[in-house]
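Chains as they are written, first to last, in UniProt numbering: chain A, 1 to 238; chain B, 1 to 238. Structure record follows, encoded as structure tokens.
Protein chains: 2
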Amino acid sequence: MARLTNLNLSDQVTNELGKAIIDGSYNNETGFPSEAQLCEEYGISRTSVREAVKMLAAKGLISSKPRQGIRIELPEKWNFYDTNVLTWMLASSPSLTVLREFLQMRFAIEPQAAALAAKYGTKEDIAEIGKALEGMRAAAQTPDGDLHKADLEFHTAILQASGNRFFSQLKDFIRTALNVSIQHTTPAKGSNEAIVEEHHKVYIAISEGNVERAKNLMVYLIDEAMTVIEDEIKAQES
Amino acid sequence: MARLTNLNLSDQVTNELGKAIIDGSYNNETGFPSEAQLCEEYGISRTSVREAVKMLAAKGLISSKPRQGIRIELPEKWNFYDTNVLTWMLASSPSLTVLREFLQMRFAIEPQAAALAAKYGTKEDIAEIGKALEGMRAAAQTPDGDLHKADLEFHTAILQASGNRFFSQLKDFIRTALNVSIQHTTPAKGSNEAIVEEHHKVYIAISEGNVERAKNLMVYLIDEAMTVIEDEIKAQES
DNA sequence: TATGAAATATTATAATACAATTGAAGGGAA
DNA sequence: TTCCCTTCAATTGTATTATAATATTTCATA
């Protein structure tokens, strides 16, 4: 077990088990270990094991009943919008398929968020988007500026500006999606200015309250990434 | 404490505390009770209290550290895509605002899901949509048929057919959204046939693989509900 | 005042005991 | 045999107690 001493024992075990469940190391055919077995396996008390089990149950990964033991829930019950679950899933299968699923979600969420930001965004929220944009511009002009990080800020600022809890809750989700995205898409270097310019257009549309335009421009932004992925998937299949 | 004897003690306490946290009965100013205090308050052992606390922590509602005690996390950390959290939130504030937020999410998710279903849906998935549609038709023609339930099935079948885990994971979310929606929107009775017909069009578009049309028709479906809500909100404000 | 050490309150972990639940095995009767 | 009932056993559920770890507060000292 990876000893992250800044984490509780139960948190550590939660992590280990979560990863193992999601990557398929455990399954209900071979049988999931009982509490007692987990105690032995990790050399810890039942108290901690139970706390870990409860946390995993809270995330939808497992359930447990007397005499029946601990069972892995069907994957459709897993809460993929939980940051940990998401991380565990990506650790186990960072495939192009997952990346495409991410992009499809971004395609649904972000244009709508941009539209809402244009419609309802407060001055403060929109100022944050502007600040993120400045960060992108600065990073694009500096030799080793972290454009990617600034990009993340821009997109999350828009989610925040939507004024809708369900959208802004997806900040971590989108961050993760963008991070994975970056690892796959070969960065078309040299086009930094173009990237910033496209984001700038989105910002303008939002700050002007141009709902439809904000949405369309965001669609355009994501569509580019989507195209790259679809091509890669096609290349792999053939 | 509501004694739901089919639930664990820790589950019961999780429920009680979850609700109380979300409706604001507890807050960090007045101070959140310590484990010992919770034991007294609910008359249970520390074991159960701790398990409940861990579950709430897993859902992002609280965190706890030695000497510092249990603290409520910022609402932006709360995992609203967790079924329990969602239920607790609705129990505390079933306002029009929440309903609008729900609809905005549906507006983002469902048209895209319909598009994906049209593009990638398997025969089996699409057959399920068709079956749900038949259910709607039957319910619409029967005097006291449950059209609403059949409607739910239709929409969740589309999410399933998207072939994207992140979309199909939102089935419970959308179900809840639809349920709340029904409670608010005065059912424009007499138009049952029209409703079924509109859903039928969506089904046709999906089964024919007509991506754009599927998306647009779904937008239309949700937009109607959205309009009703927006009007209600305006009426309330004035 | 600033620094550091000690006291303290709270969570973190462990060990143990017993209760509750439920699936399976076994035994008796139709 | 087949069905139903009882008994048994394995596993989780709950409680109690004790100790460790941690971080805040207090207080003494330079």
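Cβ atoms here follow ideal geometry from the backbone N, Cα and C, with glycine treated the same way.
Report, in whole angstroms, the separation of the C-beta atoms of residue i and residue j, which I expect to be a contact under 8 Å.
| i | j | result |
| --- | --- | --- |
| A/ILE72 | A/ASN15 | 16 Å between Cβ atoms; not a contact. |
| A/ILE62 | A/ILE21 | 7 Å |
| A/VAL180 | A/PHE102 | 6 Å |
| B/HIS155 | B/GLU124 | Not a contact, Cβ separation roughly 18 Å. |
| B/ALA214 | B/ALA118 | 4 Å |
| B/LEU178 | B/VAL202 | Not quite, the Cβ-Cβ distance comes to about 15 Å (not below 8 Å), so this is no contact. |
| A/ILE44 | A/LEU9 | 6 Å |
| B/ALA150 | B/ALA139 | 5 Å |
| B/MET105 | A/PHE166 | 5 Å |
| residue 266 of chain B | B/ALA113 | The structure shown does not extend to residue 266 of chain B, since chain B spans only 1 to 238, so no value can be given for it. |
| B/GLU193 | B/ALA157 | No, B/GLU193 and B/ALA157 are not in contact; Cβ-Cβ is about 21 Å, not under 8 Å. |
| B/LYS19 | B/SER92 | 7 Å |
| B/ASN79 | B/GLY60 | 4 Å |
| B/LEU217 | B/ALA205 | 6 Å |
So what does residue i bridge to, in DSSP terms?
| i | result |
| --- | --- |
| A/GLY69 | A/LYS65 |
Please determine, among the options, the residue with the shortest C-alpha to C-alpha distance to residue i.
| i | options | result |
| --- | --- | --- |
| B/SER191 | B/PHE107, B/MET55, B/ARG137 | B/ARG137 |
| A/GLU212 | A/GLN160, A/LEU99, A/ALA115 | A/ALA115 |
| A/SER48 | A/GLU35, A/LYS59, A/ALA58 | A/GLU35 |
| B/HIS184 | B/MET55, B/SER10, B/LEU90 | B/LEU90 |
| A/ASP23 | A/TRP88, A/GLN169, A/GLU224, A/TYR42 | A/TRP88 |
| B/GLN68 | B/PRO94, B/PRO33, B/GLY43, B/LEU96 | B/PRO33 |
| A/GLY130 | A/TYR81, A/HIS199, A/SER92 | A/HIS199 |
| A/LEU96 | B/ASN164, B/TYR81, B/GLU51 | B/ASN164 |
| A/LYS65 | A/LYS59, A/PRO75, A/LYS54, A/ILE206 | A/LYS54 |
| A/SER207 | A/LYS171, A/TYR120, A/GLN169 | A/TYR120 |
| B/GLU76 | A/GLU237, A/SER168, A/THR227 | A/SER168 |
| B/ILE229 | B/LEU86, B/ASN216, B/VAL98, B/ALA57 | B/VAL98 |
| A/GLY135 | A/THR176, A/VAL196, A/ILE126 | A/VAL196 |
| residue 241 of chain A | A/THR142, A/GLU237, A/ILE182, A/GLU41 | As displayed, chain A neither begins before 1 nor continues past 238, which places residue 241 of chain A out of reach and without an answer. |
| B/ILE126 | B/LEU7, B/GLU40, B/ASN210 | B/ASN210 |
| A/ILE233 | A/HIS148, A/ARG100, A/PRO143 | A/ARG100 |
| A/LEU86 | A/THR176, A/VAL219, A/SER238 | A/THR176 |
| A/LYS171 | A/GLN12, A/THR227, A/TYR81 | A/TYR81 |
| B/TYR42 | B/GLN12, B/ALA57, B/GLY31 | B/GLN12 |
| A/LEU74 | A/PRO143, A/GLU29, A/GLN141 | A/GLU29 |
Would you say residue i touches the ligand FAD, meaning its beta carbon is less than 7 Å from a heavy atom?
| i | result |
| --- | --- |
| A/GLU224 | Ligands are entirely absent from the displayed structure, and the ligand FAD is therefore not among its contents. |
Below 7 Å between beta carbons is the criterion; list the residues of the stretch 71 to 93 of chain B that meet it against any residue of chain A, in chain order. Cβ contacts with chain A: GLU76, ASN79, PHE80, TYR81, ASP82.
Check distances from the C-beta atoms of the stretch 54 to 70 of chain B to those of chain A and list, in chain order, the residues that come in under 9 Å. LYS54, MET55, LEU56, ALA57, ALA58, LYS59, GLY60
Would you list, in chain order, the members of the stretch 116 to 144 of chain B that have their beta-carbon closer than 9 Å to a beta-carbon of chain A? LEU116
Along the chain, which unbroken stretches of the alpha helix (DSSP H) at least 4 residues long are found entirely within the stretch 161 to 189 of chain B? 165 to 168, 171 to 184
Taking a Cβ distance cut-off of 7 Å, strictly less, list which residues of the stretch 102 to 116 of chain B are near chain A, in chain order. Listed in chain order, the positions of the stretch 102 to 116 of chain B with a beta carbon within less than 7 Å of a beta carbon of chain A are GLN104, MET105, PHE107, ALA108, ILE109, GLN112, LEU116.
Can you list, in chain order, the stretches of the alpha helix (DSSP H) that have 4 or more residues and sit fully within the stretch 81 to 157 of chain B? 83 to 92, 96 to 120, 123 to 141
If you measure beta-carbon to beta-carbon, which residues of the stretch 168 to 198 of chain A are closer than 7 Å to chain B? SER168, GLN169
Would you list, in chain order, the members of the stretch 216 to 234 of chain B that have their beta-carbon closer than 8 Å to a beta-carbon of chain A? Cβ contacts with chain A come from no residue of the stretch 216 to 234 of chain B.
Taking Cβ-Cβ distances below 7 Å as the criterion, which residues of the stretch 144 to 164 of chain B are in contact with chain A? ASN164
Which runs of the alpha helix (DSSP H) fall wholly inside the stretch 13 to 60 of chain B and span at least 4 residues, in chain order? 35 to 42, 46 to 58
Interfacial residues, the stretch 31 to 51 of chain A to chain B, with Cβ spacing under 9 Å: THR47, ARG50, GLU51
What are the start and end residues of each continuous alpha helix (DSSP H) run of 4 or more residues lying completely inside the stretch 184 to 219 of chain B, in chain order? 192 to 207
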